[in-house]
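As they're listed, the protein sequences go chains A, B, C, D, E and F.
Using my numbering, you'd call the opening residue of the first sequence number 1 and step up by one each time.
Using my numbering, you'd call the opening residue of the second sequence number 1001 and step up by one each time.
Using my numbering, you'd call the opening residue of the third sequence number 2001 and step up by one each time.
Using my numbering, you'd call the opening residue of the fourth sequence number 3001 and step up by one each time.
Using my numbering, you'd call the opening residue of the fifth sequence number 4001 and step up by one each time.
Using my numbering, you'd call the opening residue of the sixth sequence number 5001 and step up by one each time.
This report concerns only the one structure given below.
6 protein chains.
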Amino acid sequence: MTRIRVVNPNTTASMTALIGASARAVAGPGVVVEAVTSSMGPASIESHYDEALAVPGLLAAIADGERSGADGYVIACFGDPGLDAARELAAGPVVGIAEAAMHAATMVGRAFSVVTSLSRTTGRAHDLARRYTASGACRGVWACDIPVLELDDPAVLPRVAASARTALDHDGSDVIVLGCAGMAGFCASLSVELGVPVIDGVSAATLLVQSLVTLGLRTSRRDEYAPPLAKPYTGTLEIFGSCNPNGVGPVREA
Amino acid sequence: MTRIRVVNPNTTASMTALIGASARAVAGPGVVVEAVTSSMGPASIESHYDEALAVPGLLAAIADGERSGADGYVIACFGDPGLDAARELAAGPVVGIAEAAMHAATMVGRAFSVVTSLSRTTGRAHDLARRYTASGACRGVWACDIPVLELDDPAVLPRVAASARTALDHDGSDVIVLGCAGMAGFCASLSVELGVPVIDGVSAATLLVQSLVTLGLRTSRRDEYAPPLAKPYTGTLEIFGSCNPNGVGPVREA
Amino acid sequence: MTRIRVVNPNTTASMTALIGASARAVAGPGVVVEAVTSSMGPASIESHYDEALAVPGLLAAIADGERSGADGYVIACFGDPGLDAARELAAGPVVGIAEAAMHAATMVGRAFSVVTSLSRTTGRAHDLARRYTASGACRGVWACDIPVLELDDPAVLPRVAASARTALDHDGSDVIVLGCAGMAGFCASLSVELGVPVIDGVSAATLLVQSLVTLGLRTSRRDEYAPPLAKPYTGTLEIFGSCNPNGVGPVREA
Amino acid sequence: MTRIRVVNPNTTASMTALIGASARAVAGPGVVVEAVTSSMGPASIESHYDEALAVPGLLAAIADGERSGADGYVIACFGDPGLDAARELAAGPVVGIAEAAMHAATMVGRAFSVVTSLSRTTGRAHDLARRYTASGACRGVWACDIPVLELDDPAVLPRVAASARTALDHDGSDVIVLGCAGMAGFCASLSVELGVPVIDGVSAATLLVQSLVTLGLRTSRRDEYAPPLAKPYTGTLEIFGSCNPNGVGPVREA
Amino acid sequence: MTRIRVVNPNTTASMTALIGASARAVAGPGVVVEAVTSSMGPASIESHYDEALAVPGLLAAIADGERSGADGYVIACFGDPGLDAARELAAGPVVGIAEAAMHAATMVGRAFSVVTSLSRTTGRAHDLARRYTASGACRGVWACDIPVLELDDPAVLPRVAASARTALDHDGSDVIVLGCAGMAGFCASLSVELGVPVIDGVSAATLLVQSLVTLGLRTSRRDEYAPPLAKPYTGTLEIFGSCNPNGVGPVREA
Amino acid sequence: MTRIRVVNPNTTASMTALIGASARAVAGPGVVVEAVTSSMGPASIESHYDEALAVPGLLAAIADGERSGADGYVIACFGDPGLDAARELAAGPVVGIAEAAMHAATMVGRAFSVVTSLSRTTGRAHDLARRYTASGACRGVWACDIPVLELDDPAVLPRVAASARTALDHDGSDVIVLGCAGMAGFCASLSVELGVPVIDGVSAATLLVQSLVTLGLRTSRRDEYAPPLAKPYTGTLEIFGSCNPNGVGPVREA
């Protein structure tokens, strides 16, 4: 039996349910998907700041998985937060959903476009495309200007579809990558509507992790991704409340 | 039931047997692997010329698979010959073994090195790395100077291991990609010996195709990879014999 | 006397006549241009599949040229099919028309746009630009949506000109590269009409091959482009008919 | 008066003292340098995991600076942890020391090499070079294999110098970038010894922030770096102890 | 006391006055800014030809600065003419204004657009962006089609603002770089009007040179930027008049 | 009749004789090669400073050629000094010898190495490779540490050959590009000795210009390379003497 831990690095449990369903829908026989919600961090990840504060909770969920014997991990947020750190921590493979979706996209078309939530996250998507894919594979990143936590509302599907259509036409791309775990539910209907492959990273990453486990492949321990060195870590972080109007966030010493 | 056709694009049946075993060893329950040998072309693929002459036979095997209802295809030669053409021909996904191995390598380490057969094939490996991966992912391509058809001999394993060790040290890489389908049998022992992930493209590609089929992803039909246009094709090609000393190959009109 | 063999890798003799005329119009005194039609393959090359099936016939034409003492070769299709394999086979230099046109374009302007036949071929043109030129040299590839075999009709010239004008304006480029051998006849009039250099790859490649021969430069035999190794090649390929509606092509064993 | 807050994102106060001294040594008249130690996180940053756990403490120090009216910030760890998030949080400019050092390096030579602490951090340095500089500017990253907290010992200077000399010779570079805030004290003597510019990021970043403040330049609020959106953040993170032998780190819910 | 020589490489003294004012407005206490006008060359630099003819005068101004003990230099033309040669000549650091502006831009936003004078200079700006910044940092270069010597007229500000606004919208950038020293006076008002950082290279370069001097950093003398070798230089160049209608410029032997 | 003006941009007439002989040896019937020595500038070009001071003399030679009806130009120094400015000035095509050699090299092999004179010029060669060729085409630049004006001595051939051999082995390249016009005489014997194509840019550029003229291709006048604008140019430059020991060059106002 293979146990794949799918971590939702935000703290919204309803989104974890959606993510878990996407993962389970494709996991092979004998694969148990554990979808877990991060126990600390932001309700949604829509900025570098959100991402930074989500990572410790994500790593706690990875560490917990290690203690309970998970075979591999999916980081179920399109920014792939904490991916490198998670690889140092986990014995088994760790795959991000942007990583999985972008790799899959290059295998079913010439060039893809990403359709994501808010425009402020497009920079991160560009960074990830540059990290994962060859130059020219990602032709554009488009925001539909819908906050992450509203993406599970079927009513927004037409707006996502409109963004995807614009992307295909403008970029001359032939594949759509969904740029948010919250869009997983739209994958099948969008694909029918647009007539091109539409890729949900949650299901793609689940199968990639399952495949890596089957292949016996684990993150290389040679140098960079070796376990973190033993050393003192100190302090307690309490995060709570919401950003105040002048942009100063809620982090403070507990 | 999912049927994955794994095509060995050279004409050496013993190599097909090895390839088929690698694929079957990882394929999921309910997946049937059909390993087929190309019915025309070179006995091994070690040059651009060999690759060019292998492609029509490969495409015939793809067309044959379409007629018999294959769900997806693996092109089991590290040069990924005919990949784009095969994508136009096949309804289901098509993945090359270099493509699969390189994608997998980026998910289990910082940077990989390729260990391949003859040095004359390293240029092609560099081209594929540039096509599939981001700049910096592939740190080097090393030839162990063993012809493809001698790679199934366990006696050559130490030489492959030596090349891999040199690659890791010189390149500062942390993952090894096996640059020939004929090396598939060495994967597990090499990984133990070297202490880093060693990736065989045949098994990796089999699971990638299986995953794409499960995800319902097929090659985009939008523009570039649409089925070839109807038009007259004429002529008969007979290939036979071996290259003569002055370098002029055996192609001629039948 | 220098003999340059210009190979039309499709099987349409009227196109060979056009190509031969373009080549002869620029070849120097003492240079004999042999324009030959491939004896097998598709009537036109408009897909990866077409290109793959055109290569064996092209290589047969190269091998034939070697037997008869050709000094160099032009591959007269903008996809430059079989270029690497041809370089292994031929003693003298081999140049593709996309290669020649793109190199020439960079010497007479800041950045070029390609105007080609069908949109499904633009991906290949992008790949070639990435292979031959520095990043930024090619600003765009535009299709005028005219099939290759209709491009010799003067009636389509206004549509080609319109695509070129759009390309110059949109891309901010200052040179046009004609993306199909079949457009060779439009070169002079388009240049006058557009007021920028317009480059036909057939004539450019002919002069590049002539120049390389004069310089005594032949493809390096060091490693990658050495003659193909002696080995068994087997099988007969008969290609005929036209694609059937479900996209499965005409390749089959003879 | 300009107040520049220089944040040491690890929890080792002696290193903060060194960093503060480097910053103050170059700050202009009327510039107050506040060197602060992060109140939570690892004692040193030598892995992606360390970096991830250092970021919340760093952000708390930035938020604290915003409340007290800092005009700009230096992130004084060569991995530039949390740079993007800090830019969202701070009204004034934020500069990382790798960023500053690499930019400066390109202005005083053709190409630089980085000399850093442990080899496991070289991947991060490569990533940052790719982010900040043009292709070819960074010719190599070399580890002297000295842990961060031992770098303030003058006894290790010869080993750092030896790494730098190897880098210059092997890479053909003409500038050395010190790859750790802990090396700041070696800058002057190394430069004399090696005969090339040697760049310490702490002092370089301090002057860059001072310059940006003088120029009236603040991080753009257009889209990506706008203040984080108001939303619930929950949870408490307690980090303590040291990594256990099986690589599972100390993060857990408090 | 630090002496920074700011060289206007064109021969228009009124532009030097503007440049000197920009530099002095930001220079620190104890820094003397010497703004000098080149004694030979074109009245403005708007082509490669202008730039080539401006360089000897610029180098004479650098050599003069060396004799009089300047500590560092700013090349105050956005094409950064003669930058490499000046670095060989000067003992202290030399920074170009495009270089300074582009580096600064990357520290206060995700991606910048350049707004420049005439469209014929945009190619040079692209070249410089490729030299100084990572791929993707510069999203576009836009010309407002105003000659350099008319840019000091406040009446053109609305046209510059309009170009900048178009650039931000079209490119999705969040920082504007002013692409001509003559635009320095517009920096503050444009920034207010556009709501994004607007960067003037003259002031940015002045502070970069000041910073490099404070850091004790000088151009590396290792190999490439070592002083020019002793050798005979001969000839006298008289440049005068204006280009004649057929495009042949005024250079001739005196 | 076609007149190609080959400009030696240094002032050493014996080198012009060598260059002229190389050009004439390959020029076609009906092509007149005018080899001219620049009338002002350095005796040899071995630094950015030398190059900058050579350009005005080069441009004077181009302007003179325009007045006398030259059809095209070769810039016969491997740094391709003044290429862009020359293109603005000349009606016919202008090609640099580095440009020509690098383009030719990519057509006769997988990847080339450059062998040049002094190591301080290797940076410029790298810049040009990045400008003219695709990433990966140039694998290395090697200096044989022989000053330009000593390269015509047959006694240095063994040292050039040794550098070339090292380059081929270390870089895994298969073509050698000679990185100085002064090496033109070694081309044939080196090629025989090394067994790979060796490319002299002077002869390659001559044939490229001849080819462009035959093709009727001239530098695009659209925007960037339009003739320089009419404007005042003032001043006289006298260059003489040799560099003094402190690195300040001979430029001064006449």
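All C-beta atoms, glycine included, are put in the ideal place defined by N, C-alpha and C.
Note that the coordinates shown come from a computational prediction; the quantities given were computed from them, not determined experimentally.
field: Among 1162/B, 1132/B and 1050/B, the one whose alpha carbon lies nearest that of residue 1143/B
entry: Restricting attention to 1162/B, 1132/B and 1050/B, the CA atom closest to the CA of residue 1143/B is found in 1162/B.
- request: Take residue 3178/D and list the residues in its own chain whose beta-carbon comes closer than 6 angstroms to its own, dropping the five residues that flank it on each side.
  value: Leaving aside the five residues that flank residue 3178/D on each side, the residues in its chain whose CB is nearer than 6 angstroms to its CB run, in chain order, 3200.
task: Could you check if residue 3098/D is buried or exposed, using at least 16 other CB atoms within 10 Å of its CB as the buried criterion?
output: The residue is buried, with at least 16 neighbouring Cβ atoms inside 10 Å.
- prompt: Is DSSP giving residue 4254/E helix, strand or coil here?
  reply: Bear in mind that the predicted position of residue 4254/E carries a pLDDT of just 45, short of 50, making it too unreliable to give a figure here.
message: Considering only the alpha carbon of each residue, which of 5115/F, 5113/F, 5072/F and 5026/F lies closest to residue 5213/F?
response: The shortest CA-to-CA distance from residue 5213/F to any of 5115/F, 5113/F, 5072/F and 5026/F is the one to 5072/F.
query: Nearest-angstrom Cα distance between residue 5046/F and residue 3205/D?
result: Near 35 angstroms, if we compare the C-alpha coordinates of residue 3205/D and residue 5046/F.
task: Look at the Cβ atom of residue 2050/C, then the Cβ atom of residue 2010/C, and state whether they are nearer than 9 angstroms.
output: Cβ distance < 9 angstroms, so residue 2050/C and residue 2010/C count as in contact.
- prompt: In chain C, what lies closer than 9 angstroms to residue 1095/B by C-beta?
  reply: Those do not exist, as residue 1095/B stays about 16 angstroms from chain C at its closest Cβ, beyond 9 angstroms.
field: Euclidean distance between Cα positions of residue 3106/D and residue 4129/E
entry: C-alpha separation (whole angstroms): 13 angstroms.
- prompt: Going by DSSP, which residues form a beta bridge with residue 3143/D?
  reply: For residue 3143/D, which the question treats as bridged, DSSP gives the partners 3116/D.
task: With 8 angstroms as the C-beta to C-beta threshold (strictly closer), list the residues of the segment 1131-1161 of chain B near chain A in chain order.
output: Residues 1131, 1132, 1133, 1134 and 1135.
query: Around the Cβ of residue 4001/E, are there at least 16 other Cβ atoms within 10 angstroms (buried) or fewer (exposed)?
result: Per the 10 Å Cβ criterion, exposed.
query: Can you give the Cα-Cα distance for residue 3260/D and residue 2035/C, rounded to whole angstroms?
result: The question about residue 3260/D has no answer here: the residues shown for chain D are numbered 3001 through 3254.
field: Neighbourhood of residue 210/A by C-beta, 8 angstroms cutoff - its chain only, sequence neighbours within 5 removed
entry: Annotation for residue 210/A: 2, 4, 27, 28, 31 and 72 place their beta carbon closer than 8 angstroms to its own, counting only its chain and skipping 5 residues before and after.
- request: Closer than 7 angstroms, Cβ to Cβ, to anything on chain F: give me those residues from the segment 4060-4086 of chain E, in chain order.
  value: Look at the segment 4060-4086 of chain E: the residues with a C-beta under 7 angstroms from a C-beta of chain F are 4060, 4063, 4066, 4067, 4082, 4084 and 4085.
message: Am I right that residue 4190/E and residue 4043/E are in contact with their C-beta atoms under 8 angstroms? What's the rounded C-beta distance?
response: The C-beta distance from residue 4190/E to residue 4043/E rounds to 25 angstroms, too long to fall under 8 angstroms, and the pair is not in contact.
message: Is residue 1189/B close to chain A? Criterion is C-beta to C-beta, closer than 9 angstroms.
response: No, no contact with chain A.
is_contact[residue 4057/E, chain F] using C-beta, thresh 9 angstroms: Yes, residue 4057/E lies at the interface with chain F (some Cβ there is under 9 angstroms from its Cβ).
- request: Starting from residue 3195/D, find everything on chain B with Cβ-Cβ shorter than 9 angstroms and list it in chain order.
  value: In chain order: nothing, as chain B lies at least about 27 angstroms away.
field: Beta bridge counterpart(s) of residue 1168/B as assigned by DSSP
entry: Checking the DSSP bridge columns, you'll see residue 1168/B has no partner listed.
- request: Just list the alpha helix (DSSP H) runs in the segment 5188-5217 of chain F, keeping only unbroken ones of 4 residues or longer that don't cross its boundaries, in chain order.
  value: Fully enclosed alpha helix (DSSP H) runs of 4 or longer: 5201-5214.
query: Rounded to a whole number of angstroms, what is the C-alpha to C-alpha distance between residue 2039/C and residue 3112/D?
result: Cα-Cα distance, rounded: 56 angstroms.
message: Quick check on the DSSP output: what are the complete beta strand (DSSP E) runs of length 3 or more inside the segment 1062-1142 of chain B, in order along the chain?
response: Listed in chain order, they are 1072-1075, 1094-1096 and 1112-1116.
- prompt: Three-state secondary structure (DSSP) at residue 5224/F?
  reply: Three-state result, residue 5224/F: coil.
field: Distance between residue 5116/F and residue 5079/F (C-alpha atoms, nearest Å)
entry: Spanning the two alpha carbons is a distance of roughly 11 angstroms.
task: Give a yes or no on contact between the segment 2160-2175 of chain C and the segment 5158-5172 of chain F, applying the rule of three or more CB pairs nearer than 8 angstroms.
output: No: the two stretches stay apart, fewer than three of their Cβ pairs being nearer than 8 angstroms.
- prompt: Under 8 angstroms Cβ-Cβ, which residues of chain D neighbour residue 98/A?
  reply: Per Cβ cutoff of 8 angstroms: no residues; residue 98/A is ~16 angstroms from chain D at best.
- request: Find the residues of chain D that neighbour residue 5126/F, judging by a C-beta separation of less than 8 angstroms, and give them in chain order.
  value: Those within 8 angstroms of residue 5126/F in chain D are 3136.
field: Residues sharing a beta bridge with residue 3003/D, DSSP
entry: The partner list for residue 3003/D (beta bridge, DSSP) reads 3032/D.
query: Who are the near neighbours of residue 5095/F in its chain, counting only those whose CB is closer than 7 angstroms to its CB and skipping five residues on each side?
result: Taking C-beta separations shorter than 7 angstroms and ignoring five residues to either side along the sequence, the partners of residue 5095/F in its chain run 5074, 5205, 5208 and 5209, following chain order.
field: Closer than 7 angstroms at the beta carbon, the chain B residues around residue 2220/C
entry: Listed along the chain, the chain B residues whose CB falls inside 7 angstroms of the CB of residue 2220/C amount to none; the nearest CB is some 11 angstroms away.
- prompt: Using a C-beta cutoff of 9 angstroms, does residue 2005/C count as contacting chain B?
  reply: False, the Cβ-Cβ gap to chain B never drops below 9 angstroms.
- prompt: What does residue 2123/C reach in chain I if we use C-beta pairs closer than 7 angstroms?
  reply: Here the protein chains are A, B, C, D, E and F, and chain I is not one of them.
query: residue 216/A: buried (16+ other C-beta within 10 angstroms of its C-beta) or exposed?
result: Its Cβ having fewer than 16 others within 10 Å, residue 216/A is exposed.
task: Please determine, among 4023/E, 4033/E, 4020/E and 4089/E, the residue with the shortest C-alpha to C-alpha distance to residue 5053/F.
output: Looking at 4023/E, 4033/E, 4020/E and 4089/E, the one whose alpha-carbon comes closest to that of residue 5053/F is 4089/E.
query: In the structure shown, what three-state DSSP assignment does residue 5056/F receive?
result: Of the three classes helix, strand and coil, the one that applies to residue 5056/F here is helix, per DSSP.
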